[in-house]
Structure formats: C-alpha cells, structure tokens
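Notes to accompany the following structure.
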Amino acid sequence: MTISKLLVANRGEIAARVVRTARVKGIKTAVLRHSSEQEGPAHLIADEVVTIEGSTPVAAYLDIAQIVEAAQRIGADAVHPGYGFLSENAAFVAALEKAGITFVGPTSEVIDLMGDKIRARAFVEERGFPVAPSAIEDDDPATFVERSRTVGYPLLIKPSAGGGGKGMRVVREDGALEAEIDTARREGERYFGDGRLFVERYIERPRHIEVQVMGDGQGNVVHFWERECSIQRRFQKIIEETPSPALTAEQRDEICETAAGIARAVNYRGAGTVEFIYAQDGSFYFLEMNTRLQVEHPVTEMVTGFDLVAEQLRIAAGEGLSAAQADIAQNGHSIELRICAEDATQDFRPAIGDILLLDEPRGEGVRVDSGILDGGKVTTDFDPMLSKLIVHGRNRAEAIARAREAVQNYVILGVTTNTGYLDTILAHPDFASGDVSTGFLAEQADTLTAPGEDVSDLLMAAAALSDERLVSDVMQIPEMHRKMGGWRN
Amino acid sequence: MRRIYQIDGEETECWLSHDGRSMILNTPDGAIPCQLDAAEAPGGYTLRVRGRTYDMRVAVGPDATFVHLNGRTFAIGRVDPAERLAGNDGGAVDDRIVAPMPGVVVSVNAKAGDQVKEGQPLLVIESMKLETSLTAPRDGVIAEIPFAAGDSFGLKATLAQLAPEEE
Chain F
1 MTISKLLVAN RGEIAARVVR TARVKGIKTA VLRHSSEQEG PAHLIADEVV TIEGSTPVAA
61 YLDIAQIVEA AQRIGADAVH PGYGFLSENA AFVAALEKAG ITFVGPTSEV IDLMGDKIRA
121 RAFVEERGFP VAPSAIEDDD PATFVERSRT VGYPLLIKPS AGGGGKGMRV VREDGALEAE
181 IDTARREGER YFGDGRLFVE RYIERPRHIE VQVMGDGQGN VVHFWERECS IQRRFQKIIE
241 ETPSPALTAE QRDEICETAA GIARAVNYRG AGTVEFIYAQ DGSFYFLEMN TRLQVEHPVT
301 EMVTGFDLVA EQLRIAAGEG LSAAQADIAQ NGHSIELRIC AEDATQDFRP AIGDILLLDE
361 PRGEGVRVDS GILDGGKVTT DFDPMLSKLI VHGRNRAEAI ARAREAVQNY VILGVTTNTG
421 YLDTILAHPD FASGDVSTGF LAEQADTLTA PGEDVSDLLM AAAALSDERL VSDVMQIPEM
481 HRKMGGWRN
Chain W
1 MRRIYQIDGE ETECWLSHDG RSMILNTPDG AIPCQLDAAE APGGYTLRVR GRTYDMRVAV
61 GPDATFVHLN GRTFAIGRVD PAERLAGNDG GAVDDRIVAP MPGVVVSVNA KAGDQVKEGQ
121 PLLVIESMKL ETSLTAPRDG VIAEIPFAAG DSFGLKATLA QLAPEEE
C-alpha cells in the first residue's frame, strides 16, 4: 500500500518533525490541535489542522475514539503516533486496525508485550538475554515484600505499567521498603491506572545505554547503533549522545547485537529502542523496550545519515527497510540537549510564561527541533520540554564545543529554561571525560547549580533602562526643574 | 522613580536619575552611570557601564525583565515599592505555604489546630505529573488548610496557613 495522507496524533516538536519528513515524501499531512491550545510549528506546516476537544488538552490527545474518528473523517490512510500519548497504546492500534487505517509502528501484540514491563522482562530472560536480579509482585503478591528483600539493597521499585521515571523509588535500607512500596503503588495507580509493582537490584553508578532498532515485520531487523542517555534528572533524560564514550568497539557490537536479537525474537516491525542499564564493570542488563520513536532519535540520524521517520513510513507502507546492517555506520558524534521550561536551581520546578523573544541558534552541524513559536505561551497543560537542540561534530570534543556555542546562543526570553544549566553540564570536566552515570546530575547538583559571576549591576541597569515608564518619568524631571528655574547643569 | 529588583530571590531597591549627561542607576552600593542603545538583533541592546560595553537581548514582561547575557538568561523581577505597600496583606510570608505551580492536592496530612514541627509534611501535591511533599516552614499551629485531597489549585494559592507566632 502507499500512504497518501498521514495524521500525526501528537503535538509539539515531534508533530512538526514527522510532518517535515512526510512532506518530503510527498505525503499529505494533518495534525491535531486542542481547542485551548496555542498554535505551534506543526500547525504552520501541516496541510490540515484537526481540532480536538476534551476536558483537558492531554485528555483530548488520549481520546482514542475521537482521534480514530478524526482520521476517518479527513480520509487519512495512516496515523503516526509520535512518542508519549497513544504511541504505545495497544487499544489505539487495534482501533485503527478495525477502521482500516495503518498505524505507523509495531503490532498491538508487540506493544502489549513490551508495554508490560514484567512480561517483557520475562520474555527477554527466557530467551537468554541479560536481566538484573528482580522480584515481580504478580508472581506471588503475598510474598512480594519478602522476595523484594532477597533482591538485595539498594533496590529500585517500579510500577509494572510505568515509564518516564514516574513512580520509581530507590530504597537503600530495609526500614524504608514498605513505605516506599506504598508510595510507588499509589503513583502507579494514578499515572497508569495500575498499581502492580516490581523490584530490581539498583546498579550503582549505572549508565543508560540504548540501541535504536528497526524491523520490517518480515523477520529482518537492523540496528542503528547505540545512544547514551545517562544525563538524567528525576529519571528523565536531558542530554543524549552517540556514540557512547563508555563502549569499546567490541562492547558496542555486543550490546547492539543483543538489542537486535531481542527485536528479532518478537519479529519487530517499525522503529524501536531497546534500553539497557550498563554497569561500571561493563556488564549490561535489559531495562525495557520502547515500541516507538524516541525523543532522542535525532542524534542517531545525525551520525548515521538516515531519516528514521522516513524509514518508519517505508516500513508502514510495506516497502521494507532501505538499508542492510552493513550500510549503517556511525559518522562523527552527535549530542542532543532537551530545552525545558524549568528552574534547575529549584529542583527542576516547571516554569510557565509567555515567550517574549525567541531566537534559535543556527550554524554548521546545528539542528533545532522546536515545538514553540515566538509569542507563544508555555502552560502546565503539557510536558515542559519546549524543543531539542541537536549538534553534530567530527568527534566528541567538537560536538561538545558546538553544543555549548549553540545553547549559549539559544535565546528564549519570558519563561525560565534550562539552557544555562545544560551549558554548565557540558562544561563539566567529568562530562568532557565521559565519566558519568545516571546519578551524575544529583551527585553534582551543588556544582551545577552554583551561581555564576555576579552580574546583578548589569541586569538592574538593563531592567531600569528598558523600563519605558521609569525612563520617561526620569526624563520629565529635568524639564520640570527647568520650568521652575531650578535646573542647573 | 524607585524600583525593587528581584534577582535569584535577592531584592535590591534602586532608583534611576539623570545628571544631565547620562542616566544613573543608584544602588545601595553606589551610583552607576549607564546607557542602553538598541542593537541590530531582535531585542538586541548594547549596555554601556563603567566604560565597558555588553551585548545583550532584552524582553520586558509585565512583572519581570528578561535578559540574555554572556550565554545565560536572567529574570529580573520588578516591583514598584508603592504598589507593594498598597497590596500588603499583613501575613508574613513564612506563615504560608504558597503553591509553586498550579496542581492537584494528593493528600492532606494535617488539619487546623494541629501543632506541627518545622519540616513536617503537611500535604502532598501533584504538579506537572510530579508528586511533591510540602512541609511546615517552622514550628507552629495550623490555622487553615483550605484544600482537600483531589482539589485543584492555582499558582500562588495559599495551601496552608500557620497561626501567627506569639511574641
């Protein structure tokens, strides 16, 4: 089949990013917009904008019936889910199938399997791939606490239906175990409607390394090498890069082949990412598989030269993979920075505000995937990520230098963002040497949020002189004095 | 012509004047002759202070001025001292827990009349999908917790109020 009209069931930067590739391929595009939502970049470049309703904007983007109906109404023959929202929702895929619309992604069975962390883990373990010591509540709920103790401390509690770090708790001592299980269960119930948990050994100073895979659903699977995403705050990634500075060539082959093997075992179709936890001794364990495009996919595109959305659309249209494994090479180094509306000095508290001035960096090896427009409003309706800054360099040092220059020149005024914080991370000697773990930001919190050079005088001068009312009041005074004859100079 | 500027939580009261030649920012640490000229880039300005020039980008919001300088972004809160006096409601800031973000109350762990210790969790809120525990800012007695579990609240809503400290 060919795809002639694609509905992107997402928003923000990823909606715009998918539309750009679809347009290049000559596919008509439609994007969604909640009735209360600000206009974003995707709305300007898509052929069509479909208004959706819902009690909250997020609820509208999660409304399967409404989105499937919209796709039918506008005559879309395929839906790209982006990431988040309905991208890993098996019921959505089933509803599209029933409506005769192609889902750009894997089958609902694979989404179901990989979406259930417990089943996914068991599946991977049974086939001989490495997993960390664990206890699964469902195996025998009555003994869950006891079995958790035998996993050993420190341990990590996770909701079985979880993702994005929500509800995850590290427990370092036995006394805190039961209380933390209760909290994690509550969060699991609230975020995912599912309070089942599992516990696994927490690897100290681990690195997060993941592998981009792509399958045609006909048994052919290739990988597009790894990404390292160890720079995380609150279990959420904010800097990603490829290649990983931690891996030797042999380790890289081993971890990438393991990921491809896992994807082959489920006869994977579409783009997916196999995430691993990588220990300081070089051992690695399966963490989870994300059955969708990742936020950080652009770094893979920058070093391999492949457009992963174009590959997804090819596979969805039944055209198969465009490349064999031998054709996919890593060229140079790429880093992605997630630009978020948040205050890094206040425990990453999300920030809101109006974007008064926006000026994105440009230059060789610089790419910006943005979800915001000048004059837009940043609200709490959605995730705080505003855009992604991606750079490419011939080597890691050049990529870091380019990333620093670009993020310093990324002007977003009107809402607090993490651009300065990201630059401080890039400037840290441990980041430069690649000696990081997923705990890096927490360990270095004081260094990374230390106040910079005191420029208060300059800032107050700028604030005063750009304050039109203040300046005009001051300029009235000499006039008045002159009139009274009291002005001398 | 006074303004209170808030930078990183620190407040400085300043006033602006003109000596016939140049604008002067009068700060508690001294008078600073300064000049701001528009530059080419959107929102671009050149600031001249003490013989040095600084390229910056400036955007003026309703309550704060935003400045991009040397690769960093700063927010400078602006308060008119006269307006602050008029709006003073008399409650000491330390007596209140104010919502840092709009959100939903997850649980309430104290009630009016309770004696609480500094750091004791009073309520758990959820904002932007993250759970945060809000704790008592000092030892004291709860005067009011106006929200119940499940209630939504807006930015800067008072989530808990302590009874005034007795002298």
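Line by line, the protein sequences are chains F and W. At position 157 of the first sequence the residue is numbered 157 (the numbering used here), and the sequence of numbers has no breaks. At position 167 of the second sequence the residue is numbered 167 (the numbering used here), and the sequence of numbers has no breaks. We put the beta carbon where it would ideally sit given N, CA and C, even for glycine.
- Neighbourhood of ALA464/F in chain W, by CB distance below 7 angstroms: ARG3, CYS14, LEU16 and LEU25, in chain order.
- Listed in chain order, the alpha helix (DSSP H) runs fully inside the segment 80 to 166 of chain F are 90 to 98, 108 to 115, 117 to 126 and 144 to 151, counting runs of at least 4 residues.
- ALA31/W: member of the beta strand (DSSP E) spanning 30 to 38, first to last residue.
- Close partners of ASP369/F in chain W (Cβ separation under 8 angstroms) are lacking, with about 20 angstroms as the shortest Cβ gap.
- Below the 8 angstroms Cβ cutoff, chain F contributes no neighbours of LEU159/W, its closest Cβ being approximately 15 angstroms away.
- Note: SER334/F is bridge-paired with THR242/F and HIS392/F in the DSSP secondary-structure output.
- Taking 8 angstroms as the CB threshold, SER133/W stays off the interface with chain F.
- Residue contact with chain F for ASP8/W: present (Cβ-Cβ distance below 8 angstroms to some residue of chain F).
- For PHE66/W, the enclosing beta strand (DSSP E) begins and ends at 64 to 69.
- Only those residues of the segment 349 to 360 of chain F whose C-beta falls short of 8 angstroms from the nearest C-beta of chain W are listed: ARG349, PRO350, ILE352, GLY353, ASP354, LEU356, LEU357 and ASP359.
- Nearest in C-alpha terms to ARG185/F, of all of PRO350/F, ILE390/F, LEU197/F and ARG17/F, is LEU197/F.
- Straight-line spacing of the CA atoms in THR46/W and LEU36/W works out to 6 angstroms.
- In the three-state reduction of the DSSP assignment, ARG20/F falls in the helix class.
- Under the DSSP assignment, LEU130/W falls in the beta strand (DSSP E) whose first and last residues are 130 to 135.
- In this structure, ALA406/F is the residue among VAL303/F, ALA406/F and TYR202/F with its C-alpha nearest to the C-alpha of GLY420/F.
- Beta bridge pairing from DSSP links ARG233/F with GLN236/F.
- The three-state reading of DSSP puts GLU39/F in coil, since its state is none of H, G, I, E or B.
- For ALA445/F, there is no enclosing beta strand (DSSP E); the enclosing alpha helix (DSSP H) covers residues 445 to 448.
- Contact check for PRO62/W against ILE4/W fails: the beta carbons are separated by 8 angstroms or more.
- DSSP places LEU287/F in the uninterrupted beta strand (DSSP E) bounded by 284 to 290.
- In this structure, PRO243/F lies near GLU226/F, with their beta-carbon atoms less than 8 angstroms apart.
- For THR416/F, the nearest beta carbon of chain W is closer than 8 angstroms to its own beta carbon.
- Proximity to ILE352/F across ALA75/W, ARG96/W, VAL124/W and VAL141/W peaks at ALA75/W, based on C-alpha coordinates.
- The distance from the Cβ of PRO245/F to that of ARG396/F is about 6 angstroms, consistent with a contact at the 8 angstroms cut-off.
- Counting only the Cα atoms, ILE400/F lies some 28 angstroms from TYR285/F.
- At least one beta carbon of chain F lies nearer than 8 angstroms to the beta carbon of SER127/W.
- Setting aside the 5 residues that flank it on each side, PRO361/F is surrounded in the same chain by ALA406, ASN409 and TYR410, each with a C-beta closer than 6 angstroms to its C-beta; the list follows chain order.
- Chain order gives no chain W residues near ALA91/F, where near means a beta carbon separation below 8 angstroms; the closest approach is about 21 angstroms.
- One thing to note: LEU25/W has its Cβ no nearer than 8 angstroms to the Cβ of MET168/F.
- ILE315/F carries a helical assignment under DSSP once its states are collapsed to helix, strand and coil.
- Within chain W, the residues whose beta carbon sits less than 7 angstroms from that of MET475/F are HIS18, listed in sequence order.
- The beta carbon of GLY320/F sits closer than 8 angstroms to those of ASP216, GLN218, ASN220 and ARG314, all from its chain and outside the five residues before and after it, given in chain order.
- In the DSSP assignment, HIS208/F is bridged to ILE277/F.
- For ALA99/W, the three-state secondary structure derived from DSSP is coil.
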